[in-house]
Amino acid sequence: MSFAVVVTFQIRPGRMADFMPLMVQNAATSLANEPGCHQFDVATDPERPNEVFLYEIYTDAAAFAAHLTAPHFKSFDRAVAEMIAEKEVRTYAQVQA
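Start counting at 1 in the sequence shown, then tack on 381, and there's your number in the numbering used here.
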């Protein structure tokens, strides 16, 4: 079993160009440096220009908790805080293959 996390961000108007490079770097660093992070997709849609959707897969809830305390995540979180209008996080404890 795996642990899934989905996040939807609403980015403040005019801030997407600042937000996206930081988001993509956070995803890449998570995949490269966190053994418990197995997938980290960043998705956008031109029909919703201020929305960013994340789909993340971790070994378990503890691996996701470790992600939230990782230095690179904390730095990312601080850097983008004022760019975010809304953020919704949902977790799923069981992922069927």
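From the three backbone atoms N, C-alpha and C, an ideal C-beta is built for every residue, glycine too.
On a predicted model such as this, the values are computed, not experimentally measured, just so you know.
Assigned exposure category for residue i - 16 Cβ within 10 Å defines buried
| i | result |
| --- | --- |
| residue 436 | exposed |
| residue 428 | exposed |
| residue 473 | exposed |
Residue i and residue j closer than 9 Å at C-beta
| i | j | result |
| --- | --- | --- |
| residue 406 | residue 454 | no |
| residue 430 | residue 401 | no |
Helix, strand or coil at residue i [DSSP, three-state]
| i | result |
| --- | --- |
| residue 393 | coil |
| residue 430 | strand |
| residue 442 | helix |
| residue 415 | coil |
| residue 388 | strand |
Member of the options whose CA lies at the smallest distance from the CA of residue i
| i | options | result |
| --- | --- | --- |
| residue 425 | 475, 390, 382 and 446 | 390 |
| residue 414 | 467, 476, 452 and 461 | 452 |
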